[in-house]
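Quick note: the sequence shown, position 149, residue 149 per the UniProt record's numbering, numbers continuous.
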Amino acid sequence: MEEHREDITSGGLTTGEVARRLGVAPTTVRSWDRRYRLGPDTRTDGRHRRWTPADVARLERMCALTATGMAPAEAARLALSGEPVDVPKTAPSRGRRKAGSGLSLGDARQECKGIARAALRLDAAALDDLLAAAIDRHGLVTAWTEVIVPTLQAVGRKWERSGERYVEVEHFLSWHVSCALRRGLPPAAVDRPGATTLLACVPGENHTLPLEVLAAALAERGLPVRMFGGAVPVESLVAAVRRTGPAAVALWAQSRTTASPPLAQHVAAMGWGVRGARRHAVVLTLGPGWAGRAVAGLSRPRGLAEAVAALESVVRTDS
């Protein structure tokens, strides 16, 4: 209520209210201000943003243009210039989508197409711009699940159907996604004994991107995480668990040939600490490789959001 009264007296909306009106995250509004100068024309004495109807109209145009798959930098230029431009009538209106409710099907398709086209052109600048905008607009978990993963899958199908002619496109896209996940993250959280999450691919597994996005999502929440990447040898994984005493260990397997229930059981059975008060890590088995290979007593989250929630619960409780 206090914020609402301030808006009335100052003659403008707060960033949070603008974000709710547009159906985007407040960080997206601030990012567009910082990157593209789409901020309000005036600010309060305390430098707080106060958005007028004209300011909001520019952001609404920005949303409509980016929803068509247009690169954010170009959309911002047009939004600021006021130049006439035909926006397809099928483009979804972000003002009709509640914040945090995910993407409409049309919205996801348009953003996937824009990212895929930039990847096919090997256009690094446009690809970075589009990936950053998707993460800013929807948040890391939703952008990964509903925009980035479908695009990666579509690019993968394209090179499979074309005799692997486009394998460079898949590698190019994966690298830029990996870079986008790290960009803008807060500094690594300070480790606390028994509160760290250890992330590793099982031996023989080199698909690290899903673990990278999980690491980024945990870092966003201020949770300490140690990322060990692909194909961690058994001896190295066991040594890392012993040295860090983590609250949780997440083991990724893309293929059933690499998923190892005995390894997961061994890590779960490891203990440390004084006799009579031994501690054990909660072990999560992640990835399609564990399908049909359930390990008794161990959790197998079905997606990124479920994995983040499970790990956050473990670490917060253990702390």
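Beta carbons are placed, not taken as given, at the ideal position from N, Cα and C, and that holds for glycine.
Continuous beta strand (DSSP E) stretch holding residue i: start and end
i: leucine 13; result: Per DSSP, leucine 13 belongs to no beta strand (DSSP E) and is neither H nor E.
i: leucine 218; result: Premise fails: leucine 218 lies in the alpha helix (DSSP H), 209–220, not in any beta strand (DSSP E).
i: arginine 226; result: 225–227
i: threonine 285; result: 282–286
Buried/exposed call for residue i, threshold 16 Cβ in 10 Å
i: serine 255; result: exposed
i: glycine 245; result: buried
i: proline 72; result: buried
i: aspartate 129; result: buried
i: residue 399; result: An answer regarding residue 399 cannot be provided, because it is not within the stretch 1 to 319 covered by the chain.
i: glycine 114; result: buried
i: proline 233; result: exposed
i: serine 260; result: buried
i: leucine 127; result: buried
i: histidine 48; result: exposed
i: tryptophan 175; result: exposed
i: serine 236; result: exposed
i: serine 31; result: buried
i: glycine 289; result: buried
i: glutamate 168; result: exposed
i: arginine 161; result: exposed
i: glycine 12; result: buried
i: alanine 54; result: exposed
i: alanine 248; result: buried
i: arginine 121; result: exposed
i: alanine 143; result: buried
i: arginine 302; result: exposed
i: alanine 195; result: buried
i: alanine 57; result: exposed
i: alanine 75; result: buried
First through last residue of the alpha helix (DSSP H) which encompasses residue i
i: leucine 80; result: 72–81
i: residue 388; result: Residue 388 falls outside the range modelled here, since the chain spans only 1 to 319, and no answer is possible.
i: valine 234; result: 234–244
i: histidine 171; result: 167–182
Beta-bridge partners of residue i, as assigned by DSSP
i: cysteine 201; result: Trp252
i: serine 31; result: According to DSSP, serine 31 bridges with nothing at all.
i: arginine 279; result: Trp272
i: serine 299; result: Leu284
Residue i versus residue j - alpha carbon distance
i: cysteine 179; j: threonine 258; result: 26 angstroms
i: proline 40; j: leucine 311; result: 39 angstroms
i: glutamate 83; j: glycine 287; result: 47 angstroms
i: tryptophan 252; j: cysteine 201; result: 5 angstroms
i: proline 203; j: arginine 316; result: 29 angstroms
i: threonine 285; j: arginine 34; result: 39 angstroms
i: valine 295; j: alanine 216; result: 26 angstroms
i: arginine 77; j: tyrosine 36; result: 8 angstroms
i: glycine 156; j: tyrosine 166; result: 8 angstroms
i: leucine 223; j: alanine 64; result: 35 angstroms
i: arginine 5; j: arginine 61; result: In this prediction, arginine 5 scores a pLDDT of 38, lower than 50, which makes its location untrustworthy; no coordinate-derived value is stated.
i: tryptophan 272; j: arginine 182; result: 32 angstroms
i: alanine 225; j: leucine 198; result: A small fix is needed here, since residue 225 is valine in this sequence, not alanine. Rounded to whole angstroms, valine 225 to leucine 198 spans 6 angstroms at the Cα level.
i: histidine 280; j: proline 210; result: 25 angstroms
i: arginine 243; j: valine 314; result: 19 angstroms
i: residue 321; j: isoleucine 148; result: The structure shown does not extend to residue 321, since the chain is modelled only from 1 through 319, so no value can be given for it.
i: alanine 116; j: alanine 125; result: 13 angstroms
i: phenylalanine 228; j: alanine 250; result: 11 angstroms
i: residue 320; j: arginine 300; result: Only positions 1 to 319 of the chain appear in the structure, and residue 320 is not among them; the question remains open.
i: lysine 158; j: arginine 293; result: 30 angstroms
i: alanine 118; j: threonine 145; result: 19 angstroms
i: alanine 291; j: leucine 38; result: 46 angstroms
i: residue 331; j: leucine 173; result: With the chain covering only 1 through 319, there is no way to say anything about residue 331.
i: threonine 15; j: glutamate 306; result: 29 angstroms
Cβ-Cβ separation, residue j to residue i (assumed contact under 8 angstroms), whole Å
i: alanine 134; j: glutamate 111; result: 6 angstroms
i: aspartate 136; j: threonine 27; result: 6 angstroms
i: alanine 264; j: leucine 298; result: 6 angstroms
i: leucine 218; j: valine 308; result: 7 angstroms
i: glycine 230; j: glutamate 212; result: Contact doesn't hold; Cβ gap of about 10 angstroms is too wide.
i: leucine 304; j: glutamate 220; result: The pair is not a contact, with the Cβ atoms about 12 angstroms apart (cut-off 8 angstroms).
CB contact check: residue i to chain C, cutoff 8 angstroms
i: leucine 218; result: No chain C is present in this structure, which holds just one protein chain.
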